[in-house]
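Take a look at the structure below.
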Amino acid sequence: MQRILQYTGLISSYIVFCGVLKFYIYYKSFGISILQFVELQEIIILFMDNLIAYLAIILPTTLTLFFLFYNKYTFNSWRSKELRKTLITLILFCILCFVGGYIYYKNNRGLVAIDFILLIILIVICILAIPLAYPWVYRFLNNKIKIKINLPGITSIFLAIILLLYTISTAINEVFKVKNQKYYSGVEIRMKENKVITSDDSCTFIGNTKNYVFLYYNNSMSCVAYKMSDIESIKFPIVHPSTTRRNSK
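According to this note's numbering, the sequence shown holds residues 4 to 252 in order.
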């Protein structure tokens, strides 16, 4: 029980670290040190969407590793008939993931092309690259540098690396969409004194926390944090402009 609690605490701390890293990278791209505007529990809540997507991404990885290695295949049996059948099954599974990802992309108006490309890259890494690297990592750790680590331990390392890479890539992706594809264009912020600020080419809405709303002014290349208590409402467009352009082609 004590070991389980230790692992739970370690996993929770790592998730918090990834959440902090994502929002730090994203807001730092606009010149904001977000840590002074957000509370720790709020970071976890805001990061939940990414965790759900991460769980969906690691599912094929976990299944792949299980099929290849946890069913007692040896690392020297790459030419065995059973392993070839397993690899064919995994390739078919990879194709199904591509098709499912494409259908999800075409039917979700909040996604743009860069999201789909990122999804495909992550699927390839999870289903193909990691399992192929798995036996060599195992040999390197256990035979070359004499670090005795079992298969579950290596799996945990892989999953942690995937979460870190996913965190960084999603942060960079969101910065790209906001800066280059005007992802938040059309967002209307109504202040309590009846002043309305619309996110456009001169003033860009970049996000909000529980207590603050952040706007980036492109001409002066500066960011302003407005207190949520001074804001009456925030209106988001149903369809993002970047998505509209995609569908209109």
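All C-beta atoms, glycine included, are put in the ideal place defined by N, C-alpha and C. These numbers were taken from a predicted model, which means no experiment stands behind them.
Supposed contact pair residue j and residue i - C-beta distance, whole angstroms, cut 8 Å
| i | j | result |
| --- | --- | --- |
| A174 | I35 | That belief does not hold up - the Cβ atoms of A174 and I35 are roughly 13 Å apart, past 8 Å. |
| T212 | F20 | Going by Cβ atoms, the distance from T212 to F20 rounds to 18 Å, so no, they are not a contact pair. |
| M231 | Y215 | 6 Å |
| V190 | F239 | 6 Å |
| S205 | N222 | 6 Å |
| C129 | I61 | 7 Å |
Span of the beta strand (DSSP E) around residue i
| i | result |
| --- | --- |
| I209 | C206 to N211 |
| I275 | Lying before the first or after the last residue shown, residue 275 is absent from the chain, which here runs from 4 to 252. |
| L218 | Y215 to Y220 |
| M194 | E191 to M194 |
| I200 | V199 to T201 |
| Y186 | Where Y186 is concerned, there is no enclosing beta strand (DSSP E), given that its DSSP letter is neither H nor E. |
| A228 | S225 to K230 |
| F236 | Note that residue 236 is Ser in the sequence shown here, rather than Phe. Taken as a continuous stretch (DSSP letters only), the beta strand (DSSP E) holding S236 covers I234 to K238. |
Buried versus exposed, by CB contacts within 10 Å (16 or more), residue i
| i | result |
| --- | --- |
| S225 | exposed |
| L122 | buried |
| Y137 | buried |
| I152 | exposed |
| Y220 | exposed |
| L218 | buried |
| F33 | buried |
| K75 | Confidence in K75 is poor, its pLDDT being 47 and thus under 50, which makes the residue's placement unreliable; the coordinate value appears in the next sentence. Classification of K75: exposed, given that the 10 Å Cβ count is below 16. |
| I133 | buried |
| E177 | buried |
| D233 | exposed |
| I37 | buried |
| I48 | exposed |
| L135 | exposed |
| K125 | Per the sequence shown, the amino acid found at residue 125 is Leu instead of Lys. Buried is the call here. |
Cutoff 8 Å; reference residue i; Cβ partners in own chain excluding five residues on either side
| i | result |
| --- | --- |
| T11 | none |
| I171 | L24, K25 and I28 |
Cβ neighbours of residue i in the same chain (closer than 6 Å, five flanking residues each side left out)
| i | result |
| --- | --- |
| I18 | none |
| I237 | I192 |
| F50 | G22 |
| I14 | none |
| F78 | Because F78 carries a pLDDT of 48, less than 50, the predicted location of this residue cannot be relied on, and the following value inherits that uncertainty. Result list for F78: P138, in chain order. |
| S16 | none |
| L144 | I150 and I152 |
| V227 | L218 |
Neighbourhood of residue i by C-beta, 7 Å cutoff - its chain only, sequence neighbours within 5 removed
| i | result |
| --- | --- |
| V181 | Y187, T207 and I209 |
| D203 | S188 |
| V140 | I157 |
| Y57 | L166 and Y169 |
CB contact check: residue i to chain B, cutoff 9 Å
| i | result |
| --- | --- |
| T170 | No chain B is present in this structure, which holds just one protein chain. |
**Request:** Count the C-beta pairs between the stretch 25-44 and the stretch 153-164 that are closer than 8 Å, then say yes if the count reaches three, no if not.
**Result:** no
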